Amino acid sequence: MEAVGVPVWQVITLVTILSWLRFSSFTNLTLRARSILQPLVTQRVLKGTETILHIQRSKNPFWDVVFAVASSVVSVEFYTAFLPLLFWCGQTRLARQMTILMAVCIYVGNCVKDVVSAPRPASPPVRRLTAIKCEEESAMEFGLPSSHTINTICLSLYLFNYFMNHQQFPSDSRVWWLVLGIICLVIVLVAYGRLYLGMHTPIDVYAGIPIGLCLLMFWCCVDDHIDQFVTEGENVLPFWTSMSFLVLFAYPRPEYKTPSFEFHTAFNGVVLGVVYGSHRFYSYGQTTALSISTLQDTLNLILRLAIGFPVVLAVKELSKELAKQLLPWVCRAFFVPIYSSSYVPPLQEKAKNSDKKSSPRDEETRNLWLRLLPVIDEDHLDVDTGIRLLQYAALGWSVAELAPSIFQYLGV
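In terms of the working numbering, the sequence shown is residues 7 to 418.
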């Protein structure tokens, strides 16, 4: 059953998201939920600080390195480098599913963070160790739940489940139990490491565990259906573009601004680009699977990485510059009132001076858009959000289509 060439389930999905936006905005759902949850969680955070101080009494340089490395290996930056590797060595199905799953984890985890808006453990007295830049940015987010715990549970156990179902490891059950044991050890190390590093209190980790397990079970039920839709479905690109746009608005307004919304926007863009590239490339090409067991495949993989990463970085920077030039112009053409928090200096100056002088026309157009889309807030009027979405969409597309097309053309 279709409506004007569009599958009915797609219409229902988009209407449901729009209805949720209207309902949550009308009922002020975020503030109501926060008023209940934030005091309870904050009380637990204060009590949990004593636990962290007790854990940190046993600190030494060796454990500093171990837990910092464990956190880095399951960070967003690590998977950003790991996922292209999966695409380019021929594990495209797994790469698509892992990319979308990671975006779901980031979206759900960050939504809960910004709804609750619970603090991280105070530093001092807690010693907070941020070994890499992404950790410094993570420390600026709210605490509950622990994103590292969610991501580690979802992605590592899904990876295990995928290879087990596709029999890409030896059939000996002892090997599977050994691998599962190692994965569980990594999960424990990461969860405990978040406490040791002073990034979270126990309540944050406890909340991350059930969220991660629920997302994992849900994804294991729908992964094949979603992948089949992405590669062979009808009306894929218009539907996913519309959903990506709506999901930008289907995000709670935090107590104060943190990097959480930026992380969500970036991975929302990556998934949009991956879906776009995967759907197109699936119809005319296929990345040859490589195995490092042969010298030729190893050399081809090295060539793909040497070609692919520069291409992806170039596309990311070029698309950012194009978006910085074109998106403000498009917004002005449709009288959308915008500002820039960092990317576009002229609009940045406009934001600084907006309180001092605002023309009647600017105020009128802004009020019009607020009436049309009552869920709009300052982040949505920030043109940097659109630039970031397009930039990372281009990055995802280059990983899923442009780079593999170059590999196919060069015969590597």
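C-beta atoms are modelled at their ideal positions from N, C-alpha and C, and glycine is treated no differently.
Predicted model only: the values in this text are computed from it and were never measured.
Among the options, the one whose alpha carbon lies nearest that of residue i
i, options, result
"Cys-111", "Val-280, Ala-329, Thr-237, Ile-156", "Ile-156"
"Thr-346", "Ala-145, Lys-119, Gly-392, Ala-312", "It is Ser, not Thr, that sits at residue 346 in the sequence shown. Cα-wise, what sits closest to Ser-346 is Gly-392."
"Leu-395", "Thr-247, Cys-220, Leu-163", "Thr-247"
"Asp-390", "Thr-264, Tyr-349, Tyr-398", "Tyr-349"
"Gln-44", "Asp-388, Cys-226, Val-121", "Val-121"
"Thr-86", "Thr-304, Pro-151, Lys-322", "Lys-322"
"Thr-207", "Asn-34, Ser-179, Pro-127", "Pro-127"
"Asn-306", "Leu-46, Gly-54, Val-47, Cys-95", "Cys-95"
"Val-228", "Tyr-212, Met-104, Asp-303, Ser-77", "Met-104"
"Val-72", "Val-17, Met-108, Leu-135, Ser-41", "Leu-135"
"Val-418", "Val-12, Thr-57, Ile-308, Lys-263", "Ile-308"
"Asp-230", "Arg-99, Ser-77, Ser-78", "Arg-99"
Distance CB(residue i)-CB(residue j) smaller than 8 Å
i, j, result
"Ile-106", "Ile-232", "yes"
"Val-3", "Ile-412", "One cannot answer for residue 3 here, as it falls past the ends of the chain, which runs 7 to 418."
"Val-280", "Val-114", "no"
"Arg-102", "Ser-284", "yes"
"Gly-218", "Ile-159", "yes"
"Pro-130", "Leu-59", "no"
"Ser-266", "Glu-147", "yes"
"Tyr-168", "Ile-61", "no"
"Gly-314", "Ala-409", "yes"
"Met-170", "Trp-183", "no"
"Thr-36", "Pro-258", "yes"
Cα-Cα separation between residue i and residue j, rounded to whole angstroms
i, j, result
"Pro-351", "Asn-116", "28 Å"
"Ala-124", "Glu-407", "40 Å"
"Thr-237", "Tyr-288", "6 Å"
"Arg-200", "Phe-269", "19 Å"
"Ala-119", "Leu-416", "Correcting the residue identity first, residue 119 is Lys in this sequence and not Ala. If I take the Cα positions, the gap works out to 45 Å."
"Ala-400", "Ala-256", "22 Å"
"Asn-66", "Ile-215", "27 Å"
"Val-381", "Arg-38", "Per-residue confidence for Val-381 stands at a pLDDT of 48, beneath the threshold of 50, marking its modelled position as unreliable; the derived number appears in the next sentence. Taking the straight line joining both Cα atoms gives about 16 Å."
"Gln-414", "Arg-310", "10 Å"
"Gln-331", "Arg-338", "12 Å"
"Lys-362", "Ser-31", "In this prediction, Lys-362 has a pLDDT of 45, which is less than 50 and means its spatial position is unreliable; nothing more can be read from the coordinates."
"Leu-252", "Arg-286", "23 Å"
"Glu-49", "Ser-152", "Strictly speaking, residue 49 in this sequence is Gln, with Glu absent from that position. In a straight line, the C-alpha of Gln-49 is about 17 Å away from that of Ser-152."
"Phe-84", "Ala-109", "14 Å"
"Val-47", "Glu-261", "15 Å"
"Val-14", "Leu-278", "21 Å"
"Val-185", "Leu-161", "14 Å"
"Val-17", "Leu-24", "11 Å"
Exposure of residue i, with buried meaning 16 or more beta-carbon neighbours within 10 Å
i, result
"Asn-274", "buried"
"Trp-403", "buried"
"Arg-28", "exposed"
"Gly-204", "buried"
"Thr-33", "exposed"
"Gly-187", "exposed"
"Ile-209", "buried"
"Thr-264", "buried"
"Leu-245", "According to the sequence displayed, residue 245 carries Phe and not Leu. Per the 10 Å Cβ criterion, buried."
"Phe-68", "exposed"
"Ser-77", "buried"
"Gln-302", "exposed"
"Val-211", "buried"
Presumed contact (8 Å Cβ cut-off) between residue i and residue j, rounded CB distance
i, j, result
"Tyr-282", "Leu-243", "6 Å"
"His-154", "Val-196", "5 Å"
"Gly-149", "Val-51", "6 Å"
"Tyr-164", "Leu-222", "6 Å"
"Tyr-398", "Ala-272", "5 Å"
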